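**Q**
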Amino acid sequence: MADLDTFRSEVGSWLDANCPEALKGDRTSAIDGVWGGRKWEPTRPEQRTWLERASAQGYTAPTWPKEYGGGGLSPAEAKVLSQEMAARRIPAPLTGFGLSMIGPTLLRFGTEEQKQEHLTKITRGEIRWCQGYSEPGAGSDLAGLQTRAEDDGDHYLINGTKVWTSYADQSDWIFALVRTDPDAKKQEGITFLLIDMDSPGVSVSPILLISGSSPFCETYFKDVRVPKANVVSDVNAGWTVAKALLGHERSMIADAFGGGAGGAKRSLADRARRYLGDAADAPVSDASLRERIAQAELDTRAFLLTVQRAKDAAKAGQQPGPESSIFKVYGTEINQRRAELMVSIAGPSALGWEGPGFEDDELQLTRDWLRTRGNTIEGGTSEVQRNIIAKRVLGLPD
Ligand SMILES: Cc1cc2nc3c(=O)[nH]c(=O)nc-3n(C[C@H](O)[C@H](O)[C@H](O)COP(=O)(O)OP(=O)(O)OC[C@H]3O[C@@H](n4cnc5c(N)ncnc54)[C@H](O)[C@@H]3O)c2cc1C
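The opening residue of the sequence shown carries number 106 in our numbering; numbering runs sequentially from there.
1. Cα-Cα, which of K226, R497, G382 is closest to D277?
2. Drop a sphere of 10 angstroms on the beta-carbon of S390, count the other beta-carbons inside from all chains shown, and report buried for 16 or more, exposed for fewer.
3. Below 7 Å, is the gap between the Cβ of Y238 and the nearest heavy atom of ligand 1?
4. Please report the distance separating the alpha-carbon of T216 from that of A451.
5. In whole angstroms, what separates the C-alpha of G142 from that of E396?
6. What do you get for R378, buried or exposed, if any count of 16 or more other CB atoms within 10 angstroms of its CB means buried?
7. Can you determine whether any heavy atom of ligand 1 sits closer than 7 Å to the C-beta of S429, and answer yes or no?
8. Buried or exposed for L350, going by 16 or more other Cβ atoms inside 10 Å?
9. Quick one, are the C-beta atoms of F432 and A407 less than 8 Å apart?
10. Applying the 10 Å Cβ sphere with the 16-neighbour rule, what's the burial state of T471?
11. Leaving out five residues before and five after Q292 in sequence, what residues of the same chain have Cβ atoms less than 8 Å from its Cβ?
12. For E222 versus V116, is the C-beta spacing smaller than 8 Å?
13. Can you tell me the Cα-Cα spacing of V268 and T165, whole angstroms?
14. Counting Cβ pairs closer than 8 Å, one from the segment 196 to 205 and one from the segment 327 to 342, do we hit at least three?
15. If contacts are defined as beta-carbon pairs under 8 Å, then I295 and N341 qualify, I think. What distance do you get, rounded to the angstrom?
16. Checking the sheet assignment: what are the DSSP bridge partners for A264?
17. Taking all protein chains shown into account, decide if T481 is buried (16 or more other Cβ within 10 angstroms of its Cβ) or exposed.
18. 8 Å is my cut-off, CB to CB: does A281 come that close to chain E?
19. What did DSSP end up calling V412 once you bin it into helix, strand or coil?
20. Could I get the ranges of all uninterrupted alpha helix (DSSP H) runs contained in the segment 414 to 494, with 4 residues as the minimum, in chain order?
21. Alpha helix (DSSP H) containing Y380: first to last residue?
22. Thinking just about the alpha-carbon of each residue, which of K290, S118, R194, W234 is nearest to the one in W145?
23. My guess is that A60 and R149 are in contact by the Cβ rule of under 8 Å, so how many angstroms apart are they, rounded?
24. Compare the C-alpha of R478 against each of D360, I315, G485, L501 and name the closest.
25. Using only the alpha-carbon positions, how far apart do D503 and M447 sit?
26. Mind checking R355: buried by the 16 CB within 10 Å criterion, or exposed?
27. Name the residue from R193, S187, T252, D246 whose alpha carbon lies nearest to the alpha carbon of K348.
28. Whole angstroms is fine: what's the gap from E428's alpha carbon to R497's?
29. What's the C-alpha gap between G175 and L186?
30. From Y261 to R284, what distance separates their C-alpha atoms?
31. In three-state DSSP terms, what is A289?
32. Going along the chain, which unbroken runs of the alpha helix (DSSP H) with 4 or more residues stay wholly within the segment 134 to 174?
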């Protein structure tokens, strides 16, 4: 305990000295944070300074081993770090699929060469990753994927199309599921492959979302040569790796959205006072609205505490299991509920899209609300999560 207290005071002094003043108080959600990569342009110069200092200290991936660019912190120390950052309202120096999805997967399944090649670049924000799972004919039925990988000596030759690939146009590498054995039972013929997006034959075509802000892409592979050394785990064993990664993805989505990313910069109560209140410190006069706000805040806090418990377990070395489906369903539904409440409180002010007459945070409210529609689809739909919960958590028959 004394050790942790010492660590807390050291970490606090380090944060005070190293996080640029301009970023303190700017705790944006993970979605709006720094995703890094070769194409990244910081919106403020201090973001780069903060990223460089934090990654040199191992604080972009606090619990990863130091040899791979992490901080080598114990779960308890990492929690202290995140508490001290929250207390100062310091934003995460880096976010993205590298840290939340492919990094933990490589730590568990990658070869030593793959870890050496990719992990430090992830912690430094040098390489941005995207996820090539879904295909035009394979979403919920992911194991039905058809992107082919043909044996070509020391390479595979990849042909096929991935769809809904978030940020493929801004990414440097993609982790993808490909079919290496078309004759095997569908889950048994899949391989998990790392592909450099600069490889000849990879092309990307963006698709805009209804919110206008989150580009999806279609990603095409035409005779793309990928070294066999880029297979993660064994050939035809990709389904196990894919499911493990989905556990990380669902926890990440629950975490990112469950805290109320829909208009997170202002609390529900603040907004209700602003649009409907009589005075800044008076209770909101509409009793039924007060009750809905209180219920949403209570549910969010209870949810965040439960997620924190699971995160503590994950930091202690436990991998996310099928329970991550429960978080995914509940976290995304809370986020949608909060966003609905935000727009109903703001009324016509939450119906803007662009132009004068609206404040910036009101325009964002409209877009955040539309963005939440995708939450119960991305990372596996709520119906599919409920199937997983029924089968693998509750043990119900098919
Ligand atoms: C915002 C967002 C970001 C995304 N990012 C990525 C990404 O980066 N990379 C990537 O690979 N994919 C990504 N996706 C794709 C996502 O994983 C798929 O959309 C999702 O898995 C559903 O697949 P589908 O769209 O083909 O729908 P379908 O599988 O066609 O489903 C259609 C409907 O049928 C229901 N359904 C299907 N099967 C069952 C069943 N067995 N039981 C009950 N109901 C069922 C579904 O719940 C859904 O309502 C993203 C999606 C969104 C919305």
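Even glycine gets a Cβ: it sits at the ideal position worked out from N, Cα and C. This one's a predicted model, so the numbers in the text were calculated from it and none came from an experiment.
**A** Let me spell this out:
1. Position 172 of the sequence shown holds residue 277. Nearest option by C-alpha distance: K226.
2. By 1-based counting over the sequence shown, the position of residue 390 is 285. Classification for S390: exposed.
3. Translated into the one-based positions of the sequence shown, residue 238 becomes position 133. Answer for Y238: yes, Cβ within range of ligand 1.
4. Mapped onto the sequence shown, residue 216 falls at position 111. Mapped onto the sequence shown, residue 451 falls at position 346. Distance between the alpha carbons of T216 and A451 is about 52 Å.
5. For the purposes of this step, residue 142 is taken as the residue at position 37 of the sequence shown. For the purposes of this step, residue 396 is taken as the residue at position 291 of the sequence shown. C-alpha separation (whole angstroms): 44 Å.
6. In the sequence shown, the residue the question calls residue 378 occupies position 273. If you draw a 10 Å sphere on the C-beta of R378, you find 16 or more other C-beta atoms in it, and that means buried.
7. Walking along the sequence shown from the start, residue 429 turns up at place 324. Not so, every heavy atom of ligand 1 lies at least 7 Å from the Cβ.
8. Within the sequence shown, the letter at position 245 stands for residue 350. By the 10 Å Cβ count, L350 comes out buried.
9. To locate residue 432, count along the sequence shown from 1; it is residue 327. To locate residue 407, count along the sequence shown from 1; it is residue 302. Contact: no.
10. Residue numbering aside, residue 471 sits at position 366 when the sequence shown is read from its first letter. Around the beta-carbon of T471, 16 or more other beta-carbon atoms lie within 10 Å, marking it buried.
11. By one-based count along the sequence shown, residue 292 stands at place 187. These residues qualify, in order along the chain: A248, W344.
12. Counting from 1 along the sequence shown, the entry for residue 222 is found at position 117. Counting from 1 along the sequence shown, the entry for residue 116 is found at position 11. Contact flag unset, no.
13. Position 163 of the sequence shown, counted from the start, is the residue given in the question as residue 268. Position 60 of the sequence shown, counted from the start, is the residue given in the question as residue 165. Taken atom to atom, the span from the alpha-carbon of V268 to that of T165 is near 29 Å.
14. Three or more Cβ pairs closer than 8 Å define a contact, and the segment 196 to 205 falls short of that threshold against the segment 327 to 342.
15. For the purposes of this step, residue 295 is taken as residue 190 along the sequence shown, with counting starting at 1. For the purposes of this step, residue 341 is taken as residue 236 along the sequence shown, with counting starting at 1. Indeed they touch by this definition, with Cβ atoms about 7 Å apart.
16. The sequence position of residue 264 within the sequence shown is 159, counting from 1. In the sequence as presented, Ala is not what sits at residue 264; that position holds Asn. Listed as beta-bridge partners of N264 by DSSP are R253.
17. Taking the sequence shown and counting its residues from 1, one reaches residue 481 at position 376. A residue is called buried once 16 or more other Cβ atoms fall within 10 Å of its Cβ, and T481 is buried on that count.
18. Protein chains in the displayed structure number just one, and chain E is not present.
19. Along the sequence shown, read from residue 1 onward, the residue named residue 412 stands at position 307. Looking at V412 - three-state DSSP - the assignment turns out to be helix.
20. If we require 4 residues or more, the alpha helix (DSSP H) runs fully inside the segment 414 to 494 come out as 429 to 451, 465 to 477, 487 to 493.
21. By 1-based counting over the sequence shown, the position of residue 380 is 275. Looking at the DSSP string, the run of the alpha helix (DSSP H) that includes Y380 is 373 to 381.
22. Reading the sequence shown from its first residue, position 40 is the one you call residue 145. Its Cα nearest to that of W145, the residue W234 stands out among K290, S118, R194, W234.
23. Only positions 106 to 503 of the chain appear in the structure, and residue 60 is not among them; the question remains open.
24. For the purposes of this step, residue 478 is taken as the residue at position 373 of the sequence shown. Of the listed residues, the one whose Cα sits closest to R478 is I315.
25. Counting from one through the sequence shown, the residue named residue 503 turns up at place 398. Counting from one through the sequence shown, the residue named residue 447 turns up at place 342. Rounded to the nearest angstrom, the two C-alpha atoms are 39 Å apart.
26. The residue you call residue 355 lines up with position 250 of the sequence shown. R355 should be labelled buried.
27. Position 243 of the sequence shown, counting from 1, holds the residue named residue 348. The shortest C-alpha separation from K348 is found at D246.
28. What you label residue 428 is simply residue 323 of the sequence shown in a count that begins at 1. What you label residue 497 is simply residue 392 of the sequence shown in a count that begins at 1. C-alpha of E428 to C-alpha of R497: approximately 9 Å in a straight line.
29. One-based indexing of the sequence shown puts residue 175 at position 70. One-based indexing of the sequence shown puts residue 186 at position 81. If I take the Cα positions, the gap works out to 13 Å.
30. The sequence position of residue 261 within the sequence shown is 156, counting from 1. The sequence position of residue 284 within the sequence shown is 179, counting from 1. Distance between the alpha carbons of Y261 and R284 is about 11 Å.
31. The residue given as residue 289 occupies position 184 in the sequence shown. DSSP places A289 in the coil class of the three-state scheme, outside both helix and strand.
32. For the segment 134 to 174, whole alpha helix (DSSP H) runs of length 4 or above, ordered along the chain, are 150 to 161.
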